[in-house]
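Undergrad:
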Amino acid sequence: MKFSFVPILVCTYILLCFSALTEETRAINLFKEVRCLVCQGQTIHESNAEIAEDLKTLIREKIDEGETDKEIKGFLVEKYGDWILMTPPVKELTYVLWFAPIIIMAIGLIVIFRRKIAKA
Amino acid sequence: MSLALHYIANLLLILCLVTSMIQSRFLFNIQNYNLFSISQISAIQFLSILVSFFILIFLFITSDFNFDLVYFHSHSEKPLIYKLSGVWGNHEGSMLLWILILVLFNFLFSLSKSRSQKFKEITVAVQSLMIFGFVLFLLLLSNPFNINNENFNDGLGLNPILQDPLLAIHPPILYIGYVGFSLIFSLSITGLLTSEVDKKWATIAKPWVFAAWSFLTAGIALGSYWAYYELGWGGYWFWDPVENASLMPWLSATALIHCVVVLQRRNTMQSWTMVLAILTFSLSLAGTFLVRSGVLNSVHTFASDPGRGLFILIFLFIILSSSFLLFALKSEKINKPSLHNISSRNTGIMVNNWLLISILIVVFLGTMYPLATDLLYNQSLTVGPQYYAISITPIIILFLFFMILSPQLSWRESKLLKILNEMRYILISCLTITFLTTLYFDLFNFTEILIIFLSLILIISSLSLGLNFKSTKVIVKSNFGQSIAHAGFGIFMLAVVSNAVYSQEKIYDAKVGSKLQLDEYIFDFKNIEQEEKDNFNSIRAYLSLSKNGKDLGEFSPEIRFYSDPPTITSETSIIHQFFSDVYVVMNVPQNQESISLRLHIKPFMNILWLGVIMIILGGIITAILNRKKYEENAIN
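Protein chains in written order, with our numbering: chain W, 1 to 120; chain H, 1001 to 1636.
#1: Please check if any C-beta of chain W sits within less than 7 Å of the C-beta of tryptophan 1354 (chain H).
#2: Express the C-alpha separation of tryptophan 1088 (chain H) and phenylalanine 1302 (chain H) in angstroms, rounding to a whole number.
#3: Please report the straight-line C-alpha distance between leucine 1138 (chain H) and leucine 1443 (chain H), rounded to a whole angstrom.
#4: Just checking: is the beta-carbon of leucine 1393 (chain H) within a distance shorter than 7 Å of some beta-carbon in chain W?
#5: I want to verify the contact list: residues of chain H whose CB lies under 7 Å from the CB of leucine 37 (chain W), in sequence order.
#6: Check whether the Cβ atoms of methionine 1614 (chain H) and leucine 1597 (chain H) sit closer than 7 Å, and answer yes or no.
#7: Check whether the Cβ of glycine 1384 (chain H) lies closer than 7 Å to any Cβ atom in chain W.
#8: Below 6 Å CB to CB, which residues in the same chain sit around glutamine 1530 (chain H) once its five sequence neighbours on both sides are set aside?
#9: Check whether the Cβ atoms of glycine 1553 (chain H) and isoleucine 1575 (chain H) sit closer than 7 Å, and answer yes or no.
#10: Would a check of beta-carbon distances place glutamate 71 (chain W) closer than 7 Å to chain H?
#11: By the DSSP assignment, the alpha helix (DSSP H) with valine 1124 (chain H) in it spans what residues?
#12: In three-state terms, what does DSSP make of asparagine 1468 (chain H)?
#13: State the CB to CB distance for the pair serine 1214 (chain H) and serine 1271 (chain H), rounded to an integer number of angstroms; the pair is presumed to be in contact (CB under 8 Å).
#14: May I have a chain-ordered list of the beta strand (DSSP E) segments no shorter than 3 residues that lie completely inside the stretch 1504-1585 of chain H?
#15: Taking the C-alpha atoms as reference points, what is the distance between isoleucine 1620 (chain H) and serine 1224 (chain H)?
#16: Note down the Cα distance separating isoleucine 1460 (chain H) from threonine 1438 (chain H), rounded to an integer number of angstroms.
#17: Rounded to whole angstroms, what is the Cα-Cα separation between tryptophan 1233 (chain H) and glutamate 46 (chain W)?
#18: Need the endpoints of the alpha helix (DSSP H) that proline 1385 (chain H) sits in, please.
#19: Please name the residue in W:Arg115, W:Val111 and W:Lys56 whose C-alpha comes closest to that of glutamate 33 (chain W).
#20: Around the Cβ of glutamine 1117 (chain H), are there at least 16 other Cβ atoms within 10 angstroms (buried) or fewer (exposed)?
#21: In whole angstroms, give me the CA-to-CA distance for isoleucine 103 (chain W) and leucine 1465 (chain H).
#22: Consider the Cβ of valine 90 (chain W): report whether some Cβ of chain H lies at a distance smaller than 7 Å.
#23: Say whether chain H places a C-beta atom closer than 7 Å to the C-beta of glutamate 46 (chain W).
#24: Pull up the distance between the alpha-carbon of leucine 1013 (chain H) and that of valine 1135 (chain H), whole angstroms please.
#25: List the residues that DSSP assigns as beta-bridge partners of serine 1596 (chain H).
#26: Counting only beta-carbon atoms, is serine 1503 (chain H) nearer than 7 Å to chain W?
#27: Going by the CB atoms, is the gap between isoleucine 1147 (chain H) and leucine 1102 (chain H) shorter than 7 Å?
#28: State buried or exposed for serine 1298 (chain H), treating a residue as buried only when at least 16 other CB atoms are found within 10 Å of its CB.
#29: Note down the Cα distance separating tyrosine 1222 (chain H) from tryptophan 1250 (chain H), rounded to an integer number of angstroms.
#30: From valine 1588 (chain H) to aspartate 1551 (chain H), what distance separates their C-alpha atoms?
#31: When the Cα atoms are used, what is the spatial distance from isoleucine 1081 (chain H) to serine 1063 (chain H)?
#32: By the criterion of Cβ-Cβ separation under 9 Å, what are the contact partners of phenylalanine 113 (chain W) in chain H?
#33: Select from W:Arg114, W:Arg115, W:Pro101 and W:Ile110 the residue whose C-alpha is nearest the C-alpha of proline 1394 (chain H).
#34: Mind pulling the chain H residues with CB within less than 7 Å of threonine 87 (chain W)?
#35: Determine, using beta carbons only, whether leucine 1625 (chain H) comes closer than 7 Å to chain W.
#36: Express the C-alpha separation of isoleucine 1022 (chain H) and glutamate 1448 (chain H) in angstroms, rounding to a whole number.
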């Protein structure tokens, strides 16, 4: 009974997680996802290069036109390639990148625990 | 004068080459040379490099432009400290520094007590073979003492972004860390050759490996702090390829230090310790290679030269292939059968070892994948911070869990329920604290809450393990180093998560006289001035910061225009408060009317650095405390 408040807490958290996003935060989140084409390793959010400003205006316009984040990203990828996104999309080319660490981790842990059990 | 110094320095390097050859004779069973003892020859090796290093420093201080290196990387008008840091702000000089540390470790080891004369001889021989390789490389391919026949009036200068006091000490500290692992590598090769990888081996290796690890940690932390205030991107870690190149050996070294402890206590995990020792040194070498090669796009490619990278690659290949061949031949002999229960500290450490390696794989893939897809499929990818955050978070959660659990377990066998029972007060109090803080700060993301909860338990349980609270006094236990480092990691994780959640930033096009606002802070833009300094011109903005009508201090962010070589840098201005840093960066002005200013609120930065300092302290304490035991054991 001591910990009965835990599930109540968890439920409250989950409910509150679904707070609505405003358009401005949506725009900024997108800016942080898009790479500045001329600078090294910066997002358009951090950059004030001309091309970055153009992209920001473009994204704002698209949000106003009612496009979803997915549609906007899809448009950018089509125009500039996957390179434009700060986070690589999950697809055939990036399966190893995304899944290898977790698979290697799991295999290793299974080996460790199985060996120990066998010897115990 | 210049010519004389040129010859003296080269002769000294050749002297080191010859003595290193003499030292490596033990590997080839040549024993009939006994004119000098090992430590005497090591002293000659060390002194020859030390003197040539001082000659190079002298050349930079006196601005002797007859030497190519000084001409290309220094300037007579530069302040003294940057003339000094110019010595290692370039490829040749930093190689000499690298070798200096290599011979220093060799010298120190030859003075220390060891398990047997033979063990010491072989270790010094392996180390000297590496010294030979690097000095040969220095002499043939990147000689810092090359002279030219022109009469240059002035040098070309040092990259202004490197003109920073922190960056003067960052490379030496980082190098001590990197190169420290060369000695661990030599010790491992010796252990494999003599089939003596056991408790005694671990006792000898432990202070060295902890010292090297502490320096590596400090080096990375200094680099990170430099990036935080110098680059002005508002972060402390960018997952930049060169940062990753230093993080990879760190991860492997962190696994290694725990293995050495297990080996010392339980005489098990021999093979894995050897693999980690070889891996750590190889990654350290690769780290040097990556910084120097310019293969990777990075903010660090200021000292790039692909040709020389080839040497390090060949060297790396020789080291990897020969040491793994040796390992394959000998691993049967060094392994002792290990018998322990599933719920023992061994298992916990092994699991976390593997989790560290998993993080290493994430970092490796993130760094190399764009290169691979570019080369193989001609497709460019960007792997940004988000990839690392997503991939590492689940591993870190498991890692924290086992980091809390393992020290509670005994080396033999423990009942999990009993531990849970013993920790109930800590668990309940941490749950309450987490609950209250999340409510107070409106934090509703489950992952973040979980990490905060685990970090809190880690901090409290680690501290309570290292300190014994008696009614009147506090007793510091022998595992205090471990306790403080683990608590430091908890504090670090706590700060990382809260910093990620609560950082705020805003960009303003501001005019003089306007008031800018971010959160509860008011920035009063007062003035803008142009100044002329010794080696640059600057535009400086003045702002004052206040919160709820209380004055908190002045900002003076700056844009600097250097003339030799022509470069523009942006100097950030930070007001440190206990709970958060407020941070202003000025962008290069595009027009006359307004100036673009970027304002950041970075909460918990002080606490983050505190965590890092505790981690480093923990390593140093363990290295020193172990010393006494080590001396006793080595004699027996």
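The beta carbon of each residue, even a glycine, is placed where N, CA and C say it ideally should be.
TA: In brief:
#1: Counting from one through the second sequence, the residue named residue 1354 (chain H) turns up at place 354. Closer than 7 Å: yes.
#2: Residue mapping note: residue 1302 (chain H) aligns to position 302 of the second sequence, counting from 1. Residue mapping note: residue 1088 (chain H) aligns to position 88 of the second sequence, counting from 1. With a pLDDT of 43 at phenylalanine 1302 (chain H), under the threshold of 50, the modelled position of that residue is not reliable, and the figure given next carries that caveat. Roughly 12 Å separates the two Cα atoms.
#3: If you number the second sequence from 1, residue 1138 (chain H) lands on position 138. If you number the second sequence from 1, residue 1443 (chain H) lands on position 443. Computed Cα separation, rounded: 55 Å.
#4: Counting from one through the second sequence, the residue named residue 1393 (chain H) turns up at place 393. The amino acid occupying residue 1393 (chain H) in the given sequence is threonine; leucine does not appear at that position. Cβ-Cβ to chain W under 7 Å: no for threonine 1393 (chain H).
#5: In the first sequence, the residue the question calls residue 37 (chain W) occupies position 37. Chain H residues near leucine 37 (chain W): none, gap ~11 Å exceeds 7 Å.
#6: Translated into the one-based positions of the second sequence, residue 1614 (chain H) becomes position 614. Translated into the one-based positions of the second sequence, residue 1597 (chain H) becomes position 597. Contact flag unset, no.
#7: Stepping through the second sequence from its first residue, residue 1384 (chain H) is reached at position 384. Closer than 7 Å to some Cβ of chain W, the Cβ of glycine 1384 (chain H) qualifies, so yes.
#8: Your numbering for residue 1530 (chain H) matches position 530 in the second sequence. Taken in chain order, the residues that qualify are Ile1539.
#9: Residue numbering aside, residue 1553 (chain H) sits at position 553 when the second sequence is read from its first letter. Residue numbering aside, residue 1575 (chain H) sits at position 575 when the second sequence is read from its first letter. Yes, these two residues count as a Cβ contact at 7 Å.
#10: Start at 1 with the first residue of the first sequence, and residue 71 (chain W) comes out as number 71. Glutamate 71 (chain W) does not count as touching chain H.
#11: As a first step, residue 1124 (chain H) is located in the second sequence; it is residue number 124 there, counting from the start. It spans 1117-1141 - the alpha helix (DSSP H) in which valine 1124 (chain H) sits, taken as one unbroken run.
#12: Within the second sequence, the letter at position 468 stands for residue 1468 (chain H). In the structure shown, asparagine 1468 (chain H) sits in a strand (DSSP, three-state: E or B).
#13: Start at 1 with the first residue of the second sequence, and residue 1214 (chain H) comes out as number 214. Start at 1 with the first residue of the second sequence, and residue 1271 (chain H) comes out as number 271. Rounded, the Cβ-Cβ distance is 26 Å, inconsistent with contact.
#14: 1504-1510, 1515-1518, 1521-1532, 1536-1547, 1550-1555, 1558-1562, 1567-1571 and 1573-1576
#15: Numbered from 1 along the second sequence, position 620 holds the residue referred to as residue 1620 (chain H). Numbered from 1 along the second sequence, position 224 holds the residue referred to as residue 1224 (chain H). Those two C-alpha atoms are separated by around 20 Å.
#16: For the purposes of this step, residue 1460 (chain H) is taken as the residue at position 460 of the second sequence. For the purposes of this step, residue 1438 (chain H) is taken as the residue at position 438 of the second sequence. Their Cα atoms are separated by approximately 19 Å.
#17: As a working note, residue 1233 (chain H) is residue 233 in the second sequence. As a working note, residue 46 (chain W) is residue 46 in the first sequence. Between tryptophan 1233 (chain H) and glutamate 46 (chain W), the C-alpha separation is close to 7 Å.
#18: Position 385 of the second sequence, counted from the first residue, corresponds to residue 1385 (chain H). 1385-1405 is the span of the alpha helix (DSSP H), which, as asked, contains proline 1385 (chain H).
#19: For this step, residue 33 (chain W) is matched to residue 33 along the first sequence. Comparing Cα positions, the closest option is W:Lys56.
#20: As a first step, residue 1117 (chain H) must be located in the second sequence, where it is residue number 117. Classification for glutamine 1117 (chain H): exposed.
#21: Stepping through the first sequence from its first residue, residue 103 (chain W) is reached at position 103. Stepping through the second sequence from its first residue, residue 1465 (chain H) is reached at position 465. Isoleucine 103 (chain W) and leucine 1465 (chain H): Cα-Cα distance of roughly 34 Å.
#22: The sequence position of residue 90 (chain W) within the first sequence is 90, counting from 1. Closer than 7 Å: no.
#23: Residue mapping note: residue 46 (chain W) aligns to position 46 of the first sequence, counting from 1. Interface residue, yes.
#24: Here residue 1013 (chain H) refers to the residue found at position 13 of the second sequence. Here residue 1135 (chain H) refers to the residue found at position 135 of the second sequence. Cα-Cα distance, rounded: 7 Å.
#25: The residue you call residue 1596 (chain H) lines up with position 596 of the second sequence. In DSSP, serine 1596 (chain H) forms a bridge with H:Asp1509.
#26: For the purposes of this step, residue 1503 (chain H) is taken as residue 503 along the second sequence, with counting starting at 1. With 7 Å as the cut-off, serine 1503 (chain H) does not count as an interface residue toward chain W.
#27: By one-based count along the second sequence, residue 1102 (chain H) stands at place 102. By one-based count along the second sequence, residue 1147 (chain H) stands at place 147. Not closer than 7 Å, so no.
#28: Indexing the second sequence from 1 puts residue 1298 (chain H) at position 298. With a pLDDT of 43 at serine 1298 (chain H), under the threshold of 50, the predicted position of this residue should be treated as unreliable, though the coordinate-derived value follows. Serine 1298 (chain H) should be labelled buried.
#29: The count along the second sequence starts at 1 and reaches residue 1222 (chain H) at position 222. The count along the second sequence starts at 1 and reaches residue 1250 (chain H) at position 250. This sequence places leucine at residue 1222 (chain H); tyrosine is not what is there. Rounded to the nearest angstrom, the two C-alpha atoms are 14 Å apart.
#30: Counting from one through the second sequence, the residue named residue 1588 (chain H) turns up at place 588. Counting from one through the second sequence, the residue named residue 1551 (chain H) turns up at place 551. Going from the Cα of valine 1588 (chain H) to the Cα of aspartate 1551 (chain H) covers about 28 Å.
#31: Along the second sequence, one-based indexing puts residue 1081 (chain H) at 81. Along the second sequence, one-based indexing puts residue 1063 (chain H) at 63. Distance between the alpha carbons of isoleucine 1081 (chain H) and serine 1063 (chain H) is about 13 Å.
#32: Mapped onto the first sequence, residue 113 (chain W) falls at position 113. What phenylalanine 113 (chain W) touches in chain H: Ile1342, Thr1347 and Val1351.
#33: The sequence position of residue 1394 (chain H) within the second sequence is 394, counting from 1. Checking every option, the nearest Cα to that of proline 1394 (chain H) belongs to W:Pro101.
#34: As a first step, residue 87 (chain W) is located in the first sequence; it is residue number 87 there, counting from the start. Simply Gly1384, Gln1386 and Tyr1387.
#35: Working through the second sequence from its first residue, we reach residue 1625 (chain H) at position 625. With 7 Å as the cut-off, leucine 1625 (chain H) does not count as an interface residue toward chain W.
#36: Locating residue 1448 (chain H) in the second sequence gives position 448, counting from the first residue. Locating residue 1022 (chain H) in the second sequence gives position 22, counting from the first residue. Going from the Cα of glutamate 1448 (chain H) to the Cα of isoleucine 1022 (chain H) covers about 58 Å.
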